[in-house]
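Residue numbers (the working numbering): 1340 to 1746. Quick reminder that beta carbons are idealized off the backbone N, C-alpha and C, glycines included. Everything numeric in this text was worked out from a predicted model, so none of it was measured. Everything on this sheet refers to the single structure shown next.
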Amino acid sequence: MNLTRWVKMANTLFLRRISNALFLLMTWVFTITSAQGQPFSIGEASLILNDADRQNREVGFEVFYPADQAGVDVPVSTASSGKFPVVVFGHGFLMEYGAYENIWRALVPEGFVVMLPTTEGGFSPSHAVFGEDLAFLSRSVSILDVDSTSLFYGHLAHRTAVMGHSMGGGAAHLAAASEPAINAIATLAAAETTPSAITAAANIPQPALVIAGSNDCVTPPATHQIPIYNAIPGNNKVYISIEGGSHCLMAESNVFCNIGEMSCSPAPTITREQQHIIINRYLIPWLKHHLMDDTTAGNQFFDLLPADTSVTYQIGGTVPAGKHHSPTLSVIRVYPNPARDHIVVKEDSHDPVLFQLYDGSMRKVVKQQFITKTRISVSHLPPGLYHYTTTSSNGGTESGRLVLLRP
């Protein structure tokens, strides 16, 4: 064997061994990464519970939950902690649970259980009864978790959000106002109901996320979502309007909803897929923040808003009907950022401005009104990440993040 051929063979053998080693290493890394970050599969079950406080009223519901393999009545996943928070979701008028496949397919892989009641689906639904059904299912979470005969025995975290679309969104406010087992509320194009969701909203202590579509002609924001949002007390609330979004695009295509939307205007200017992407962009981190105590997700939620041209928004405060709130920070300047012992807030319009600063739990720690420029001491505040909002006398609002370091 000549030297040249021997060298070629040695090099080939060496490269093969290196390639095999790299392949094994990459396979190992991929396996470990997949095991840690792979989303859950979706299990499904149809259940009925009886509410003893309402003459044993039967409340049927479809439930979708994290599983290790997809299927009907398959075991709940034992991965992670094995304890999953619950989202109870109310449907819209004449809309079945299947219209909200976009919701459970987004939430379940992230570690949420989603319960969708199948009650009050006829032409004459009772909003009050539907709200009571949502509240009842929220209470039942703790019962299912400790019932040894339940599919969910030992798998439910006692953290619950109530959600809903249209009629279900209004009913969710009725439920949240009366049920302390509910930890948060998030709604999509919520409708005013009978009894009034607007009136009920004034008694909601939970963190609230109200998502609307700017082109919703079925439940126009000015007479539905905005009054509901404005009635919610405190500042632990967020209003998001999807630019060009509509009422029916909150869900999957539904005949009855489509008929209602075809008879009014304006029409949506974005696609259903685009609207679902925007909903998930904010709904998932918001729920993780409030039901899983995920501060990283909470920071992600607030960091996304200022630069997102697909939405306008309001954090805390009130939304004036018919006005849009710019997500840019073009008028107000807050500096230095990061700050240590003080900040300067400056505006260019010469209108009175209210500056408010909130800590990581959305507790207000600074409130100050000024014109043109003000200097505010923050030396008394602990270091960390803060959120601020500014509201000018002309109704404009802006917001941003502020990092405080130790003095």
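- In the structure shown, Gln1545 falls within a coil segment according to DSSP collapsed to helix, strand and coil.
- The beta-bridge partner set that DSSP reports for Gln1708 consists of Leu1693.
- Less than 8 angstroms separates the beta-carbon of Met1454 from that of Leu1476.
- Note that the stretch 1565 to 1581 does not touch the stretch 1481 to 1489; fewer than 3 beta-carbon pairs, one per stretch, sit closer than 8 angstroms.
- Judged by beta-carbon spacing, Thr1458 lies within the 8 angstroms limit of Phe1469, meaning their Cβ atoms are closer than that value.
- With 16 or more other Cβ atoms from the protein chains shown falling within 10 Å of its own Cβ, Phe1641 counts as buried.
- Assignment of Leu1630 by DSSP, reduced to helix, strand and coil, places it in the helix class.
- Around the Cβ of His1497, a 10 Å sphere holds fewer than 16 other Cβ atoms; the residue is exposed.
- Beta-bridge analysis with DSSP links Ile1581 to Gly1552 and Val1650.
- Scanning the stretch 1484 to 1516 for uninterrupted beta strand (DSSP E) segments of 3 residues or longer gives 1495 to 1504, listed from N- to C-terminal end.
- A Cβ-Cβ contact shorter than 8 angstroms links Ile1617 with Val1650.
- By the Cβ-count criterion, Ile1524 is buried, with 16 or more other Cβ atoms from all chains shown falling within 10 Å of its own Cβ.
- Listed in chain order, the non-local C-beta contacts of Ser1479 below 7 angstroms within the same chain comprise Leu1388, local neighbours out to five positions each way being set aside.
- Arg1672 is bridged by DSSP to Lys1685.
- For Cys1556, the closest C-alpha among the options Pro1544, Gly1584 and Lys1576 is that of Gly1584.
- For Thr1729, the uninterrupted beta strand (DSSP E) run begins and ends at Gly1723 to Ser1731, by DSSP.
- Under DSSP, Met1454 shares a beta bridge with Val1402 and Val1427.
- Here Ile1521 is actually not in contact with Ala1529; their C-beta atoms are around 15 angstroms apart, not less than 8 angstroms.
- When DSSP states are grouped into helix, strand and coil, Leu1476 belongs to the helix group.
- Distances from the CA of Pro1560 to each of Ser1592, Pro1605 and Ala1590 were compared; the closest alpha carbon is that of Pro1605.
- Cβ atoms of Phe1694 and Tyr1725 stay farther apart than 8 angstroms, at about 12 angstroms.
- By the beta-carbon neighbour count (other beta carbons within 10 angstroms, threshold 16), Thr1608 is exposed.
- Between Thr1533 and His1430 a beta carbon distance of about 17 angstroms is seen, past the 8 angstroms cut, so the two are scored as non-contacting.
- In this chain, Asn1597 is not harboured by any beta strand (DSSP E); it is covered by the alpha helix (DSSP H) spanning Val1594 to Met1601.
- Judged by DSSP secondary structure, Asn1389 falls within the beta strand (DSSP E) whose first and last residues are Ser1380 to Asp1390.
- Counting the other CB atoms within 10 Å of its CB gives Phe1462 a total below 16, which places it among the exposed residues.
- Nearest Cα to Arg1393 within the set Pro1424, Ala1474 and Leu1446: Ala1474.
- Residue state for Thr1538 is assigned as helix, using DSSP reduced to three classes.
- Annotation: Thr1562 to Ala1551 spans about 12 angstroms, alpha carbon to alpha carbon.
- The three-state secondary structure of Glu1518, taken from DSSP, is coil.
- Taking the Cα positions, Ser1731 is about 6 angstroms away from Asp1690.
- For Ile1524, the enclosing beta strand (DSSP E) covers residues Ala1523 to Leu1527.
- In this structure the stretch 1593 to 1603 does not lie against the stretch 1633 to 1647, because fewer than three pairs of beta carbons, one per stretch, are closer than 8 angstroms.
- No Cβ-Cβ contact shorter than 8 angstroms links Val1705 with Ala1678.
- Each residue's CA atom was taken as its position, placing Asp1698 and Lys1685 some 21 angstroms apart.
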